[in-house]
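The C-terminal position of the sequence shown is numbered 378 in the working numbering, with every residue numbered one higher than the one before it. The next block holds one structure in the form of structure tokens; read it before the comments.
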Amino acid sequence: MATLVVQKDRLLYNLSVLRSLSEAEVIPVLKGNAYGLGDTELARLFAEAGVKTLAVSTIDEAERVREAAPEPEVLLLSPYRSEDEARRVIACGVTAAVGSYEGAELLDRLAGEADVECRAHLAFDTGMGRFGFLPQEAQRAAAAAKDFKNLEITGCFTHFSNSFGKKGESARRQFTLFEKCVQVLEENGVGPLKKHVSNSAAAILYPQFSLDAVRVGSALLGRVSVLNKLGLKKVGRLECPVCDVRTLPVGHNIGYADTFRTKRPTQIAVIPAGYADGLFVAKAADTFRFRDILRYVWRDFRALFGKSIPTAKIGGQKAPLVGRVGMCCVIADVTGLDVKPGDIASFDVNPITVSQRVPRRYE
Ligand SMILES: *Cc1c(COP(=O)(O)O)cnc(C)c1O
């Protein structure tokens, strides 16, 4: 049975590195079950580390995180998609994202009915194309901030579509548009607001865009799509005990599609973990940059010549995987290594690819 190991010390290390970059507040983004790590556990961990704000992207996540960590402000980055969701936003006391005048109107009415004030940040769409006030609607955003007595607008933000891109032109363009939106808000007497635009890549590459806060997810996992120049530590390790160790004769096939044949008597370790657990499920998003694509091609090229990628680590020893990765099983070549059934095989994995039914262990 496979387990995803989450190294808390590494998460806290990465948090402290990001905090040391600037004065900007670091807001951990816990969407997608905290990138596969477990949102409630991470909410508690970061709350204990003194984080003031946690961000999520669905109302379900918001409710879970709110309950797990009552102290920090919880910022819901996506708009509520129905009246029911808006009610839940108000009921659980999280900070909403308001991306349209009508959205503000709805939230205000429901907050009034519940006799509470609802906190919200204004969302601007400066180029992501998802949601938010367009830059040309900044006046309307200012009106949304002023017209409703049950809303307390405390922040404003936008989201970069390509902060990892070449030269940062795209991010710079969006940042300039955002600054103009903020100017319109200020001219209308809205503010001062907490301003935040940067995700992980931007926080690393463009500290000049950090403003009051940065919203980071992948950097906390040490798995960024840009050069990891801060030395962030990778979080996530899949562990699975070896279930069998056998010796195969020369010329024996290993795995589906007959892609591997032993060239010598081969001692193999059978490891009952595979695609179904999220092992070696390629993450397309990792191949953003040409450099990464090249690296992948190089990896395949090396794999073609039987070099030791990918590998498992068993008892501190590196063992190349042989044959295709199966749904529930991989085979490691452990010839000459001291490996016995029950030994733990471990794999570097991006937690986002690890199946939700794989238990998480925090260490
Ligand atoms: C996912 C997300 C982030 C964090 O992105 P990373 O690149 O993982 O740091 C920040 N802001 C918004 C709005 C997001 O959706």
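We treat Cβ as the ideally placed atom computed from N, Cα and C, and that holds for glycine. Predicted model, so just to flag it, every value in this text is computed and none were measured.
Beta-carbon separation of residue i and residue j under 9 Å?
| i | j | result |
| --- | --- | --- |
| Arg25 | Lys249 | yes |
| Ser176 | Gly147 | no |
| Leu52 | Leu245 | no |
| Leu220 | Ser178 | yes |
| Ala62 | Glu86 | yes |
| Ala119 | Phe139 | no |
| Gln282 | Leu226 | no |
| Arg188 | Ser361 | no |
| Leu192 | Pro222 | no |
| Ile359 | Val285 | no |
| Val104 | Ile74 | yes |
| Leu27 | Val231 | no |
Under three-state DSSP, which class holds residue i?
| i | result |
| --- | --- |
| Thr326 | strand |
| Arg34 | helix |
| Thr55 | helix |
| Asp315 | Any reading at Asp315 must be qualified, since the residue scores a pLDDT of 47, below 50, and its modelled position is unreliable; the value itself is stated next. Asp315 falls in the helix class under three-state DSSP. |
| Tyr377 | strand |
| Lys46 | helix |
| Arg304 | Interpretation of Arg304 is limited by its pLDDT of 46, a score under 50 that renders its predicted location unreliable; the figure taken from the coordinates is listed afterwards. Here Arg304 sits in coil by DSSP. |
| Val80 | helix |
| Ser213 | strand |
| Gly338 | coil |
| Asn177 | coil |
| Ile168 | strand |
| Leu27 | helix |
| Ala272 | helix |
| Asn365 | coil |
| Val250 | coil |
| Gln371 | coil |
| Leu245 | coil |
Under 8 Å from any heavy atom of ligand 1, does the C-beta of residue i make it?
| i | result |
| --- | --- |
| Ala234 | yes |
| Phe146 | no |
| Val231 | yes |
| Ala157 | no |
| Tyr28 | no |
| Lys46 | yes |
| Leu92 | yes |
| Tyr221 | no |
| Tyr271 | no |
| His174 | yes |
| Ser215 | yes |
| Tyr95 | no |
| Ala70 | yes |
Less than 9 Å between CB atoms is the rule here; does residue i satisfy it with respect to chain C?
| i | result |
| --- | --- |
| Ile367 | No chain C is part of this structure, which consists of one protein chain only. |
Query raised in the report: At a cut of 8 Å, does the stretch 264 to 278 reach the stretch 44 to 57 through at least three beta carbon pairs?
Result: Taking 8 Å as the limit for Cβ pairs, the verdict is that the stretch 44 to 57 does not touch the stretch 264 to 278.
Query - the stretch 104 to 114 / the stretch 88 to 95 touching (three or more Cβ pairs under 8 Å) - result: yes
**Report entry** Meets three-Cβ-pair contact criterion under 8 Å: the stretch 337 to 346 and the stretch 285 to 294
**Finding:** Counting Cβ pairs under 8 Å, three or more are found: they touch.
**Report entry** Given 8 Å, three or more beta-carbon pairs between the stretch 155 to 174 and the stretch 211 to 218
**Finding:** Three or more beta-carbon pairs separated by less than 8 Å link the stretch 155 to 174 to the stretch 211 to 218, which places the two stretches in contact.
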